[in-house]
Amino acid sequence: GEQVEQRPPHLSVREGDSAIIICTYTDSATAYFSWYKQEAGAGLQLLMSVLSNVDRKEEQGLTVLLNKKDKRLSLNLTAAHPGDSAVYFCAVKNTNTGKLTFGDGTVLTVKP
Amino acid sequence: NSKVIQTPRYLVKGQGQKAKMRCIPEKGHPVVFWYQQNKNNEFKFLINFQNQEVLQQIDMTEKRFSAECPSNSPCSLEIQSSEAGDSALYLCASSRLTGNTEVFFGKGTRLTVV
């Protein structure tokens, strides 16, 4: 089945810096990709989703890049602030079953 | 923002007790998922529905877990006889389709089995 690797497991940046999280996946047929944010004690907040025909998508300070050749998905928080501190997960979707396969998560800490 | 509503937020049960949690999916979302997230942030798919029909479920779900999504009522996940290893965050999610559409999660039910 699909396998997703996410790195780094922990990331600490200063306010205003960029934070980049990368996921790699194994199934070249995967067509739908998402990034979620999870704050302490909370559920998963959907940040952005992209289809496989999209290479780049930007929204509200977030940039998602998809490299289908290398099976790599990245999330870039272009100017992080302390409120971005949370755990971030990538997720790839099996478009037949709808099931999501998650990365292991990245604990992001943004210091003032 | 997600409109998936999960209740209760916290649930404490003794070993062997039943544990039941509920989920109201977003309006217009016929596809519902249940995932278990453990303390190591690992996600385990439990079951999914389209309308009232089960699409897929794992073996664990078949044996001690039961779930349903009746029409005009909240979906529910019930553990018949709780075990310590069931302590986790149970997340309900919904989407319009099984295919290339967004999946929205609720805030989860934190189950602690003592």
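Top line first, the protein sequences correspond to chains A and B.
Residue 11 is where the first sequence starts when you use this note's numbering, and the numbers rise one by one after that.
Residue 989 is where the second sequence starts when you use this note's numbering, and the numbers rise one by one after that.
All C-beta atoms, glycine included, are put in the ideal place defined by N, C-alpha and C.
Report task. For the region 16-84 of chain A, list the beta strand (DSSP E) runs that are entirely contained and at least 3 residues long, ordered along the chain. Result -> 20-24, 29-35, 42-48, 55-61, 66-69 and 72-77
Query raised in the report: Nearest to Thr88/A by CA position, among Thr73/A, Val102/A and Lys121/A, is which residue?
Result: Thr73/A
Query - Test: Asp114/A CB closer than 9 Å to a CB of chain B - result: yes
Report task. Give every residue of the same chain whose Cβ lies closer than 7 Å to the Cβ of Lys67/A, excluding the five residues on either side of it in the sequence, and list them in chain order. Result -> Met58, Val60 and Val74
Query raised in the report: Who does Lys1032/B pair with in a DSSP beta bridge?
Result: Gln1024/B
Query raised in the report: According to the Cβ coordinates, are Phe1021/B and Ile1035/B closer than 9 Å?
Result: yes
Requested in this report: Go through its chain and collect everything with a Cβ distance to Asp114/A's Cβ below 6 Å, but skip five positions before and after it.
Outcome: Gln16
Report task. Compute the beta-carbon to beta-carbon distance between Lys1001/B and Ala1007/B, rounded to the nearest angstrom, for a pair I have assumed lies under 8 Å. Result -> 5 Å
Query raised in the report: How about Arg1010/B: is its C-beta nearer than 9 Å to some C-beta of chain A?
Result: no
Query raised in the report: Any residues in the region 89-113 of chain A with a beta carbon nearer than 9 Å to a beta carbon of chain B? Which ones, in chain order?
Result: Val97, Phe99, Ala101, Lys103, Asn104, Thr105, Asn106, Thr107, Gly108, Lys109, Leu110, Thr111 and Phe112
Query raised in the report: Going along the chain, which residues of the region 39-51 of chain A sit with their C-beta nearer than 9 Å to a C-beta in chain B?
Result: Ala41, Tyr42, Ser44, Tyr46, Gln48 and Gly51
Query raised in the report: Are the C-beta atoms of Asn1088/B and some chain A residue less than 9 Å apart?
Result: yes
Requested in this report: Using a Cβ-Cβ cut-off of less than 9 Å, give me the residues of the region 1020-1039 of chain B that come near chain A, in sequence order.
Outcome: Phe1021, Tyr1023, Gln1025, Asn1028, Asn1029, Glu1030, Phe1031, Phe1033, Asn1036 and Gln1038
Query raised in the report: Just how far apart, CA to CA, sit Arg82/A and Ser38/A?
Result: 10 Å
Query raised in the report: Just how far apart, CA to CA, sit Tyr42/A and Asp1047/B?
Result: 26 Å
Query raised in the report: Would you call the CB atoms of Tyr46/A and Phe1093/B closer than 9 Å?
Result: yes
Query raised in the report: Roughly how many angstroms lie between the CA atoms of Lys1051/B and Ser1069/B, to the nearest whole one?
Result: 10 Å
Query raised in the report: Any chance the CB of Ala41/A is under 8 Å from a heavy atom of the ligand HEM?
Result: This structure lacks the ligand HEM; in fact it carries no ligand of any kind.
Query raised in the report: Contact between the region 1081-1099 of chain B and the region 93-111 of chain A: three or more CB pairs below 8 Å?
Result: yes
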